[in-house]
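Enquirer: All residue numbers in the sequence shown are consecutive under the numbering used here, ending with 900. Heads up, the beta-carbon is just placed ideally off N, CA and C, and yes, glycines get one too. In this text the structure is predicted, and so the values were computed from the model without any measurement.
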Amino acid sequence: DTINEKFDNPKEGILHHNEGVDVLPANLELSAMDFALVNAMSRETTLRTYLNEIKADYDYILIDCMPSLSMITLNALSAADSVIIPVQAQYLPAKGMSQLIQTVMRKYINPNLKIEGVLLTLVDNRTNLAKTTLSVLEENYGNAFKIFKTHIPIAVKTAETTLKGKSIYSYASNSKVAKAYEDFTNEV
713 DTINEKFDNP KEGILHHNEG VDVLPANLEL SAMDFALVNA MSRETTLRTY LNEIKADYDY
773 ILIDCMPSLS MITLNALSAA DSVIIPVQAQ YLPAKGMSQL IQTVMRKYIN PNLKIEGVLL
833 TLVDNRTNLA KTTLSVLEEN YGNAFKIFKT HIPIAVKTAE TTLKGKSIYS YASNSKVAKA
893 YEDFTNEV
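1. Going along the chain, which residues of its own chain have a beta-carbon closer than 7 Å to the beta-carbon of A890, five neighbours each way excluded?
2. Would you identify the three-state DSSP class for S847, choosing helix, strand or coil?
3. Take N840 as the anchor and find which of A801, L740, A792, D769 has the nearest alpha-carbon.
4. By Cβ distance, which residues of its chain are closer than 6 Å to L749, with the 5 residues on each side in sequence left out?
5. With burial defined as no fewer than 16 other Cβ atoms inside 10 Å of the residue's Cβ, what is the status of A867: buried or exposed?
6. How long is the line joining the alpha carbons of T874 and N852, rounded to whole angstroms?
7. Are there 16 or more other CB atoms within 10 angstroms of the CB of T897, so buried, or fewer, so exposed?
8. By the three-class DSSP mapping on this structure, what secondary structure does V735 have?
9. Within the continuous alpha helix (DSSP H) that includes S882, where are the two ends?
10. Which whole runs of the beta strand (DSSP E) in the region 773 to 801 are 3 residues long or more, in chain order?
11. Quick one: what does DSSP say E724 is sitting in, helix, strand or coil?
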């Protein structure tokens with residue numbers, strides 16, 4: 713309801729964490745938002761309108777989206793100043809990135825959108841697939857976009873954080889995933 717047309721209390725639903733990070737979590741009702749936005753006026757800028765209500769209170773606002781070209785994703789791309797493109801260390805997600813970048817993001821939704829770079833995620837460095845995916849990304853996109861040096865490894869600890877309702881830093885601060893995210897933050 714927070715992103716809906718009424719902004720009676722734009723901060724309703726925002727959770728505050730001890731780490732100094734606020735989160736506005738999604739729930740199943742968000743999936744209905746795609747249908748509601750289809751016929752809405754200014755449907756591509758609904759999220760931007762909402763964020764304009766709260767952005768003065770934040771240094772950064774991160775929007776996490778599903779890897780699809782839904783109305784919610786289009787809203788996020790419309791509202792964003794820049795984007796980091798996470799790509800799983802697999803062939804098909806890397807291939808699909810091209811369509812997202814060339815077709816939608818820059819041409820139609822937000823011509824001022826800056827692409828910060830590509831972040832390789834769910835990396836298992838023991839496999840040739842991860843190395844091949846990195847090679848394909850560097851070969852096809854390395855001249856156009858930054859490919860971040862930091863790679864986020866695949867780890868059970870990451871899935872456990874969701875079950876525990878904690879961040880990787882409060883749940884497993886010494887894990888390789890926490891270290892990778894810290895390194896990535898410093899790289900950005």
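Expert: Let me spell this out:
1. Taking the first residue of the sequence shown as position 1, residue 890 is located at position 178. For A890, where only same-chain residues beyond five positions count, the Cβ hits under 7 Å are I880, Y881, A884.
2. Within the sequence shown, the letter at position 135 stands for residue 847. In the structure shown, S847 sits in a helix (DSSP, three-state: H, G or I).
3. Here residue 840 refers to the residue found at position 128 when the sequence shown is read from its first residue. If we check each option's Cα against that of N840, A801 comes out closest.
4. Residue mapping note: residue 749 aligns to position 37 of the sequence shown, counting from 1. Only R755, M783 meet the Cβ criterion.
5. The residue given as residue 867 occupies position 155 in the sequence shown. When all chains shown are included, A867 counts as buried.
6. Walking along the sequence shown from the start, residue 874 turns up at place 162. Walking along the sequence shown from the start, residue 852 turns up at place 140. Roughly 34 Å between the two C-alpha positions.
7. In the sequence shown, the residue the question calls residue 897 occupies position 185. The residue in question, T897, is exposed, as its Cβ has fewer than 16 Cβ neighbours within 10 Å.
8. On the sequence shown, position 23 is the one that residue 735 refers to. V735 falls in the strand class under three-state DSSP.
9. Working through the sequence shown from its first residue, we reach residue 882 at position 170. S882 -> alpha helix (DSSP H) spans 880 to 883.
10. 794 to 800
11. Counting from one through the sequence shown, the residue named residue 724 turns up at place 12. Note: E724 maps to coil in three-state DSSP.
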